[in-house]
Amino acid sequence: MYNKGSCQCGAIAFEFEGPYFLTFCHCKICQKIHGSAFAPFLHAESKTFQWLQGEDLLSYFNSSSYLRRTFCSKCGSNMPIVSHELNHIAVPASVMDTFVEQQPVAHFYTSSKASWFCINDDAMQYETVPPGGIGEVYERVKNAP
Ligand SMILES: [Zn+2]
Ligand SMILES: [Zn+2]
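Take the sequence shown: its letters are residues 40 to 184, numbered as in my numbering.
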């Protein structure tokens with residue numbers, strides 16, 4: 040099944056196929072960039088990801104040496120982080136147009152969680168990132184009962 044999303048002004052649209060899982064990132068960079076308590080991201084493999092339109096309107100910001108954030112240069116909506124090198128995408132869940140049927144499976148960077156936000160679900164919590172990287176979450180989700 041194809042999952043589709045777009046920016047607020049509609050200039051940029053994308054799709055990707057297959058399963059994903061949802062995490063909330065509470066790091067300070069995500070808080071600033073998303074203007075929110077945390078950033079909800081859908082994680083999936085990058086191989087089926089494609090921009091449907093407006094790729095030339097993307098702006099980029101490298102928040103670390105390996106993490107290239109993207110946003111619409113017209114409306115400022117956060118767009119997917121795509122790494123074909125790592126075969127991984129992180130898609131802001133709130134720009135999806137198709138229904139997101141999942142609940143969050145993990146919280147990252149709870150050590151910098153906004154003081155005014157209260158986590159009230161039973162998803163896994165990591166003070167920073169999982170020691171085994173995002174792959175560790177993949178495995179735990181896959182093997183969950
Ligand atoms: Zn836009
Ligand atoms: Zn973050």
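Glycine residues also receive a C-beta, built at the ideal position from the N, C-alpha and C atoms.
* **Residue environment, T137, which counts as buried when at least 16 other CB atoms sit within 10 Å** => Exposed is the label assigned to T137, since fewer than 16 other Cβ atoms lie within 10 Å of its Cβ.
* Sequence-distant residues of its chain with Cβ nearer than 6 Å to F60 (five each side left out) -> For F60, the CB contacts under 6 Å within the same chain, skipping 5 residues up- and downstream, are H82, V144, V180 in chain order.
* To do: Taking only the alpha-carbon atoms, compute the straight-line gap between S30 and A132 and give it to the nearest angstrom.
  => Outside the modelled stretch of the chain, which goes from 40 to 184, sits residue 30, for which no answer is possible.
* Measure the CB-CB distance between H123 and S98 and report whether it falls below 7 Å. => Not in contact: H123 and S98 (Cβ atoms no closer than 7 Å).
* Proximity of L96 and S112 at Cβ, strictly below 7 Å -> yes
* Asked: Does any heavy atom of ligand 1 sit closer than 6 Å to the C-beta of K71?
  -> no
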